Structure formats: structure tokens, C-alpha cells
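Below is one structure, written out as C-alpha cells; the observations come after it.
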Amino acid sequence: MLDRDELVRYDRQLRIPDFGEEGQKRLKNSHVVIAGVGGLGCASATYLAAAGVGHITIVDFDVVELSNLNRQVLYWEEDLGARKVTVAQKKLSRLNPAIEITPICTEITEENVDNVIDGAQVVVDGLDRLSGRLALNAACVKKGTPYVYGGVSRLRGMVTTIIPGETPCLACFNPEGPQGLGVLGITPALIANLQALETIKLITGRRPSLAGKLLLFNGNDMKCRIYDIEKNLCCNVCSQGPLR
Numbered sequence: 015m016l017d018r019d020e021l022v023r024y025d026r027q028l029r030i031p032d033f034g035e036e037g038q039k040r041l042k043n044s045h046v047v048i049a050g051v052g053g054l055g056c057a058s059a060t061y062l063a064a065a066g067v068g069h070i071t072i073v074d075f076d077v078v079e080l081s082n083l084n085r086q087v088l089y090w091e092e093d094l095g096a097r098k099v100t101v102a103q104k105k106l107s108r109l110n111p112a113i114e115i116t117p118i119c120t121e122i123t124e125e126n127v128d129n130v131i132d133g134a135q136v137v138v139d140g141l142d143r144l145s146g147r148l149a150l151n152a153a154c155v156k157k158g159t160p161y162v163y164g165g166v167s168r169l170r171g172m173v174t175t176i177i178p179g180e181t182p183c184l185a186c187f188n189p190e191g192p193q194g195l196g197v198l199g200i201t202p203a204l205i206a207n208l209q210a211l212e213t214i215k216l217i218t219g220r221r222p223s224l225a226g227k228l229l230l231f232n233g234n235d236m237k238c239r240i241y242d243i244e245k246n247l248c249c250n251v252c253s254q255g256p257l258r
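Numbering-wise, the sequence shown is residues 15 to 258 according to the numbering used here.
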């Protein structure tokens with residue numbers, strides 16, 4: 015049940031057709047893991063917390079640096095040198111005191127990823143290292159946990175939603191381009207909010223629009239293109255059985 019404060023806080027969401035109290039209750043009872051609270055993770059965590067996701071686990075091993083502040087909006091100059099997950103937990107809890115925020119200060123590896131994402135309904139990828147992304151992907155495929163990928167560079171970004179057993183996985187294609195090319199701070203916010211929207215669709219029983227598809231956004235010409243992703247029949251992560 016939603017209490018009186020929740021009915022007021024989420025009023026604008028409750029008015030959405032086919033969402034209503036049932037959709038809000040599903041968000042309230044859900045658990046999302048956000049891997050990385052940098053440019054992507056800060057934005058997705060903020061809007062998922064505001065939307066009322068009942069339990070959000072944030073995972074990051076890094077500390078706040080001055081160069082983060084053009085795009086990682088949960089952090090301010092007073093936070094320099096502090097652990098990102100510590101700062102993010104405090105601010106997200108202030109944003110929505112009714113939800114639970116669990117911080118995990120670690121780098122995601124093949125050895126710990128199963129424990130990190132245990133119990134999650136959806137995993138949201140905000141990482142900037144391919145090794146961590148591939149570890150997340152493999153663990154989500156093994157556990158059957160939906161995984162929402164996002165990547166950014168300069169004024170460009172991409173999003174796809176991976177549903178194990180149904181769609182191709184991240185290892186079926188290589189979305190990663192050259193690293194260290196810089197990014198305009200607005201770009202990860204745009205991509206992260208698309209990730210958050212896909213996450214909310216998954217939780218509330220709506221079909222995610224980007225399941226098995228790759229959305230490419232180009233801020234230079236403000237165009238979005240969506241492509242079907244083909245399953246790699248030789249993929250060593252998800253090709254063990256037929257697609258449903």
C-alpha cells in the first residue's frame with residue numbers, strides 16, 4: 015500500500031494511464047543495482063530515487079575529483095576527496111528519505127560481480143571500463159537479470175536493454191569506441207535518463223523499447239537512430255541455448 019505522503023509525492027506519476035498505484039507499488043518493492051556513480055550513474059540514480067525505486071544499490075570504488083564536476087551532478091566542491099558512494103548515498107537519501115540506498119565501495123570484477131548484483135531486479139550500467147561491463151553482462155546473463163547498458167563519448171551516446179534468454183547480450187557486439195575522448199556534461203545525463211526510463215518499464219511490466227535494439231544519439235545534429243542488434247551465434251556468454 016502507498017501511504018498518504020507517497021500518494022502526494024508521486025501524484026504526477028500516478029496520473030499516467032496504465033501506471034497508477036500498481037506501477038508505483040512495483041517501484042516501491044523493487045531493487046535496482048547501479049554499477050558506477052559517475053556521469054551516467056549520478057543521473058540514473060537521481061531519477062530512479064525520485065521515482066520511488068524502493069531499494070537502490072550504488073557501486074563505485076572512486077573518490078570525487080574536480081574534473082568530475084562538469085557531469086557528475088551529485089558531487090560538489092565540498093565533496094572533493096570523499097568516496098563517491100558515501101556522498102551519493104547521503105544526497106539520494108535526502109532527496110527521497112523513504113527509500114533505501116545501499117553503498118558498496120568496490121571495483122566490479124569477475125570475482126565479486128555475482129555478489130554485488132545479487133537480488134537485483136534490474137542492473138543499470140554506469141561504468142567506464144569495458145572489463146567491468148563485460149563482467150556485469152556475463153553475470154546478468156547467468157542470473158537472468160535484465161541489464162541496461164549506456165555509453166557516452168563527446169556529444170554522442172548509446173543505450174540498449176539486454177534481457178537474458180531473449181535478446182543478444184553485450185558480448186554479442188562491441189559497443190565500445192576509443193576511450194578518453196572527453197564528454198559534454200549534458201550527454202551522460204540524457205543517456206542515463208533513457209536508461210532510467212527503460213529500467214522503470216522493466217520494473218512496472220511494460221515492454222522496454224530498446225530490448226534487442228541499440229539507440230544511438232548524436233548531439234551534433236540532434237538525431238537518434240535505432241538499430242536492431244543481431245545475436246552472435248558464436249557468443250561465448252549467451253549462445254548456450256536458443257532464444258525464447
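Every residue, glycine too, gets a C-beta built ideally from N, C-alpha and C.
Every value quoted in this text rests on a predicted model; they were computed, and no experiment measured them.
Measure from the alpha carbon of residue i to the alpha carbon of each residue in the options, then state which is nearest.
i	options	result
G171	A203, A149, S145, P182	A203
G52	T60, H45, G179	T60
R97	V87, N232, E79	E79
L14	R168, R147, L141, L54	This structure does not reach residue 14, given that the chain is present from 15 up to 258, and the question cannot be answered.
L169	D235, E36, Q135	D235
C186	V155, I48, E36	V155
E121	S167, D76, A57	D76
L211	V130, E36, R147, G164	G164
K215	V162, T201, K237	V162
G146	D74, S81, G179, D17	D74
L184	L228, S58, C238	L228
S58	V130, I205, K157	I205
To the nearest angstrom, report how far apart residue i and residue j are at their CA atoms.
i	j	result
L247	G133	29 angstroms
S44	N232	32 angstroms
V99	I72	6 angstroms
G95	Q86	14 angstroms
N198	T159	Here residue 198 is Leu; the residue named in the question, Asn, does not match the sequence. Between L198 and T159, the C-alpha separation is close to 31 angstroms.
D128	D142	19 angstroms
E124	R220	31 angstroms
T201	L230	12 angstroms
I240	A149	25 angstroms
R18	P31	20 angstroms
C238	P222	17 angstroms
L16	G50	30 angstroms
S81	P178	36 angstroms
Using three-state DSSP, classify residue i as helix, strand or coil.
i	result
R168	strand
Y241	strand
Y24	coil
D19	helix
V7	For residue 7 there is no data in the structure shown, the boundaries of the chain being 15 and 258.
I48	strand
P10	Residue 10 lies beyond the stretch modelled for the chain, which goes from 15 to 258, so this question has no answer here.
L216	helix
L184	helix
V78	coil
Y89	coil
R221	coil
D32	coil
V67	coil
N234	coil
I72	strand
P202	helix
D142	coil
G208	Per the sequence shown, the amino acid found at residue 208 is Leu instead of Gly. Note: L208 maps to helix in three-state DSSP.
V136	strand
G228	Checking the sequence, you will find Leu at residue 228 rather than Gly. Three-state DSSP puts L228 in a strand.
Give me, in chain order, the residues of the same chain whose beta-carbon lies closer than 6 angstroms to that of residue i; leave out the 5 immediate sequence neighbours on both sides.
i	result
I115	I70, Q103, L106, S107
A152	V251
S253	L247
C56	Q86, V87, L88
Whose C-beta lies closer than 8 angstroms to the C-beta of residue i among residues of the same chain, with five residues either side of it excluded?
i	result
G66	E20, R23, Y24, Q27, Q38, L41, K42, N110, A112, I113
P182	I176, G226, I243, E244, K245, N246, C249, C252
W90	L83
A64	L109, N110
V14	No answer is possible for residue 14: it lies beyond the span of the chain, which begins at 15 and ends at 258.
D93	V78, V101
L62	V46, I48, I70, V138, A210, T213, I214
So, for residue i: in the same chain, excluding its five sequence neighbours on each side, which residues have a beta-carbon less than 7 angstroms away from its beta-carbon?
i	result
F33	Q27, T218
R29	none
K224	Reading off the sequence shown, one finds Leu at residue 224, where the question assumed Lys. Once the five neighbours on either side are set aside, the close Cβ partners of L224 are V173, T174, T175, E212.
L195	S167, R168
E35	L16, L28
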